[in-house]
Each structure stands twice: as C-alpha cells, then as structure tokens.
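Accompanying notes for the structure given below.
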Amino acid sequence: MLPPEIWPPSGLRIRAGTLELRPMDEQAISDAVRAVSRVDDVFADPTGPEVFPWIGAPKYSNAAFHLSTMASLGMGDPSSSEWTLALVIRHRGEFIGVIDLRRRRIPGSASSDGEELRGLLRDLGLKAGDSYVETGSYIMRPFQGHGYGTQARRAALTVAFTYCGFGIAVSESWPTNAASQAVSLSCGYTFLGTRPDAINGASAAAEESDAGGSDVGNNNLGNDNEKVRMYCTPDTFDCGSTSVHVDGWTPELAAMLGVQTRRN
402 MLPPEIWPPS
412 GLRIRAGTLE
422 LRPMDEQAIS
432 DAVRAVSRVD
442 DVFADPTGPE
452 VFPWIGAPKY
462 SNAAFHLSTM
472 ASLGMGDPSS
482 SEWTLALVIR
492 HRGEFIGVID
502 LRRRRIPGSA
512 SSDGEELRGL
522 LRDLGLKAGD
532 SYVETGSYIM
542 RPFQGHGYGT
552 QARRAALTVA
562 FTYCGFGIAV
572 SESWPTNAAS
582 QAVSLSCGYT
592 FLGTRPDAIN
602 GASAAAEESD
612 AGGSDVGNNN
622 LGNDNEKVRM
632 YCTPDTFDCG
642 STSVHVDGWT
652 PELAAMLGVQ
662 TRRN
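To convert, note that position 165 of the sequence shown is 566 in the working numbering; the numbers rise steadily by one, no gaps.
What follows is the structure, encoded as structure tokens:
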C-alpha cells in the first residue's frame, strides 16, 4: 500500500458499528476479484437487469478495472474532474462488498448522456458546472439482510456530506431492486420524478435488507431512463443510531478530490 503522503486516500478509515470502509487498494482488489466470480455471489436472480456485466469476466480484466478506477482519482484538474472513490466494506475484517462515491457534474452544454437525470437535478436548483455525488454498492449474498448495506450507505454519505461538502446525493437502481430503494428511503432519500409502482410494495423487512446491486460498474441491459432515481441532502439525511467515525481525512486528500470539507 502506498503511504498517505504519496497517495492520500490510503490513510482514510471509516468505521460504523462492525463495519470498516477503506479506499480500494491492491489487497482489496485481490479480495474483491476472488470473492465475486459468479452471479450468485451477489444476486439471487441471475437474469435481473441489475446484474453486473463484469461478473464472470477474466480476473485480470476485473483487476484492471479496479486499478484504472483508483488511478482516475489522481488524473485531471481536481476542481473540475469527475471521479470515483471506491470504498471496500469489511465486516470484522472480512470483505463483504464495495460502495462507490462518484462525483458528477451538470454539463455546461446539451448532452444526451444522463440528460433526464440532470434535468431533474436542475429542477432542484443545480446549474451547469455544479457537482453532486452518486452512490453505488453491492453486498455479498451471505451478508445480505443484516443491515450492512444501510450502515455502509450511511457511512459513505457522512463522508460525502460532512467531509466532501456535497449538497445532493443521488442513487439509481432498477425498479425490481426494491431492497436498494428501501435502503435509500431509510437513509432519508426522496424520489426524483415519479414514484415507481414497484417500490410501493416494499415490505418493512426489505427496509433492512441490502440486496446486492446498486449500479457499481456499467450495465448495458435495459433502458437507462427506466431506472428509479432518488436523492438525499444533508438536511434530509437520516444517519440512524450507529455512530460513524472517520480517521485519516487530510487537507491533502481534500485537495486531491477537489472538495472543501465542512469540518474544521
């Protein structure tokens, strides 16, 4: 692992209950690639649109994807670039999943890429050049249904809002992924656009579920405009009863990400 004075993310440590979240490194890449090799490692339904297309790809291909995501943090102008901070989730030291924080920006010119989502965000007051954060995550199947996905989301949002200074967090999922949407609701998210009928039947039990698959990586199945979009702000964020402790947040890390912390 590179030391924090060379690679600032390597010193970041986020703890919530029995979970620890740390930025992806080479050891974590090895753990992730070994743990997720089959669809049923994460998903109960192998035919669902939320299934990641990279599951089952050669291990070197998955490792290369994670390495390129790491490298993207140090590329470009920190004040304007988009980036992905992949956080490995461990339960009592064991790898159980990944949650991404992704900085995105409202484009200054017309773009068909995500235009419906960006139009909805403009309705919330965001203008061209403004940034927001997206989250995406998965939890390994043996660890689903224990509230770990909710804990991890709350931990990641604490970093996004309190340390990175984002004003809006967005989550996208497929209509069939009621568990992901229920996690969002429990964290204080509100629907962007029309509330889908699929979520109306989400049970109380599902609200504590964390079934895998909230848009980690790219998925080319289905129509992107069919996704369920939800958003959260610092004012609506429900951090729950579990305390989140963040260590290793430094001015160098904030400068690398091009963000301004709300903390002294």
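Note that the Cβ used here is the ideal one computed from N, Cα and C, for glycine as well.
Between the beta-carbon of I456 and that of V437 there is about 6 Å, and that keeps the pair under the 8 Å contact cut.
The three-state reading of DSSP puts V660 in coil, since its state is none of H, G, I, E or B. Closest option to R493, judged by alpha-carbon separation, among L518, G641, F544, E517: F544. Beta-bridge pairing by DSSP links L420 to A417, H492. The beta-carbon separation of M541 and V443, rounded to 6 Å, stays under the 8 Å limit for a contact. The beta-bridge partner set that DSSP reports for E573 consists of R630. If you compare the alpha carbons of Q428, D446, W484 with that of A464, the shortest gap goes to Q428. R505 and I569 have their alpha carbons spaced roughly 11 Å apart.
Within its own chain, the residues whose Cβ lies closer than 6 Å to the Cβ of Q661, once the five positions on either side in sequence are excluded, are G566, listed in chain order. Of all alpha-carbon atoms in A553, T563, V560, P447, the one lying nearest the alpha-carbon of S585 is that of A553. Inter-residue distance for C588 and C633 is about 8 Å (C-alpha atoms, whole angstroms). Nearest neighbour of K460 by Cα position, chosen from I430, T485, A472, turns out to be I430. DSSP places H646 within a strand segment (E or B) once states are collapsed to three. Between G418 and F592, the alpha-carbon positions lie close to 28 Å from each other. The residues L413, R414, I415, A429, L488, V489, R491, in chain order, have a CB closer than 8 Å to that of R423 in the same chain once the five nearest residues on each side in sequence are set aside.
If you look at Y533, you'll find it in the beta strand (DSSP E) that goes 532 to 540. Boundaries of the alpha helix (DSSP H) harbouring Q428: 427 to 436, taken from the DSSP string. In this chain, the alpha helix (DSSP H) harbouring E517 covers 516 to 524. Contact annotation: V647 and Y564 have beta-carbon atoms nearer than 8 Å.
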